[in-house]
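In case it helps, UniProt numbering puts the sequence shown at residues 1 to 193.
Ideal Cβ placement from N, Cα and C applies to all residues, glycine included.
Quantities reported herein were computed from a predicted structural model and do not represent experimental measurements.
Written below as structure tokens is the structure these notes are about.
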Amino acid sequence: MTATNPPTDGRTPGSPVTPATPRPPLSRQIVVAVLLLAAVFAVASLGSLAAIGNTDGWYATVEKVPWNPPNSVFGPAWTVLYLLMAVAGYLVWRRGFRGRGSRNAATGTLVLFAAQLLANGLWTPVFFAGYPVAGVAAWWAAMGIMVVLIVLVVALIVVARRVSVAAAILLLPYLAWLLFASTLNAGIIALNG
Numbered sequence: 001m002t003a004t005n006p007p008t009d010g011r012t013p014g015s016p017v018t019p020a021t022p023r024p025p026l027s028r029q030i031v032v033a034v035l036l037l038a039a040v041f042a043v044a045s046l047g048s049l050a051a052i053g054n055t056d057g058w059y060a061t062v063e064k065v066p067w068n069p070p071n072s073v074f075g076p077a078w079t080v081l082y083l084l085m086a087v088a089g090y091l092v093w094r095r096g097f098r099g100r101g102s103r104n105a106a107t108g109t110l111v112l113f114a115a116q117l118l119a120n121g122l123w124t125p126v127f128f129a130g131y132p133v134a135g136v137a138a139w140w141a142a143m144g145i146m147v148v149l150i151v152l153v154v155a156l157i158v159v160a161r162r163v164s165v166a167a168a169i170l171l172l173p174y175l176a177w178l179l180f181a182s183t184l185n186a187g188i189i190a191l192n193g
């Protein structure tokens with residue numbers, strides 16, 4: 001029988017040695033944070049361009065649900081939501097980092113993040129810029145996109161929670177706003193379609 005010396009690193013005898021999670025270099029963290037912010041705010045800019053000419057045009061004349069906020073609320077609300085979205089994406093990427101040359105453990109979550117961002121980027125042009133071209137059909141198409149977007153965001157929150165609880169929490173206001181926005185979209189269809 002051989003005697004074993006107890007570990008000196010604070011582990012209990014017999015516990016496995018697990019290497020510390022590698023941290024990405026600060027320069028890489030900054031680049032990823034900037035890229036996520038750029039992607040999120042590119043979608044925001046696309047939405048703004050699609051909405052600008054229409055909010056004072058046809059959108060001002062349609063009947064809306066009583067809880068529809070003034071147009072001045074949408075810009076600040078979306079700015080905060082896009083910022084939270086970018087931070088959540090960064091946290092997911094950061095927690096999934098495994099080291100140089102390794103696949104990020106959160107790649108699937110990041111693909112879901114990109115998919116919801118794409119759906120988000122489609123909604124505003126379809127709803128606002130699509131109406132003068134396709135009429136009520138644009139609102140219905142936007143509603144379909146909204147449903148897909150909500151499903152993607154719910155899935156993203158569930159999957160992101162496994163990687164970063166903080167990221168999942170940061171996405172909850174976004175989901176709440178999408179649910180609210182879906183009532184606005186549906187209300188415009190119901191009252192004007």
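Along the chain, where does the alpha helix (DSSP H) that runs through Asn68 open and close? Looking at the DSSP string, Asn68 is not in any alpha helix (DSSP H), and its letter there is neither H nor E.
Of all the alpha helix (DSSP H) runs that stay within the bounds of the stretch 101 to 155, which reach a length of 4 or more residues? 107 to 124 and 131 to 134, all fully within the stretch 101 to 155.
Taking the alpha-carbon positions, what's the Tyr131 to Pro25 distance? Linking Tyr131 to Pro25 through their CA atoms gives a straight-line distance of about 47 angstroms.
Across the stretch 158 to 175 and the stretch 131 to 148, are there enough close Cβ pairs to call them in contact, namely three or more that are closer than 8 angstroms? Output reads no: the stretch 131 to 148 does not touch the stretch 158 to 175.
Span separating the alpha-carbon of Ala137 from that of Phe127: Roughly 9 angstroms between the two C-alpha positions.
Whole angstroms are fine: how far does the CA of Leu37 sit from the CA of Ala166? Between Ala166 and Leu37, the C-alpha separation is close to 18 angstroms.
Since Asn120 and Leu149 are thought to touch, with beta carbons under 8 angstroms apart, how far apart are those beta carbons, to the nearest angstrom? With a Cβ gap of about 6 angstroms, Asn120 and Leu149 count as contacting.
Proximal residues to Ala190 (C-beta, below 6 angstroms), its chain only, five neighbours per side dropped: Nothing listed; no residue qualifies.
Quick check: the Cα distance between residue 204 and Tyr82, rounded to an integer number of angstroms? In the structure as shown, the chain starts at 1 and stops at 193, and residue 204 therefore has no counterpart that could be examined.
Would you report the Cα separation of Val92 and Leu175, rounded to the nearest angstrom? Computed Cα separation, rounded: 17 angstroms.
Inter-residue Cα distance where the pair is Ser182 and Ala160: Looking at the two C-alpha atoms, the distance is approximately 23 angstroms.
How big is the Cα-Cα spacing for Phe41 and Leu49? Cα-Cα distance, rounded: 12 angstroms.
Go through its chain and collect everything with a Cβ distance to Val87's Cβ below 7 angstroms, but skip five positions before and after it. Cβ-Cβ distances below 7 angstroms link Val87 to Leu170 in the same chain, with the five nearest sequence neighbours on each side left out; the list follows chain order.
Cβ neighbours of Leu117 in the same chain (closer than 8 angstroms, five flanking residues each side left out): Answer for Leu117: Ala39, Val40, Val43 and Met85, listed in chain order.
Which of helix, strand or coil does DSSP assign to Asp9? In this prediction, Asp9 scores a pLDDT of 46, lower than 50, which makes its location untrustworthy; no coordinate-derived value is stated.
Using a Cβ-Cβ cutoff of less than 7 angstroms, which residues in the same chain neighbour Ser45 once the five nearest sequence positions on both sides are dropped? Excluding residues within five positions, none has a Cβ falling inside 7 angstroms.
Please identify the residue among Pro66, Ala105, Thr109 and Asp56 whose C-alpha is closest to the C-alpha of Phe180. Comparing C-alpha distances from Phe180 to each of Pro66, Ala105, Thr109 and Asp56 shows the shortest one belongs to Pro66.
Gly193 (DSSP reduced to helix, strand or coil): Here Gly193 sits in coil by DSSP.
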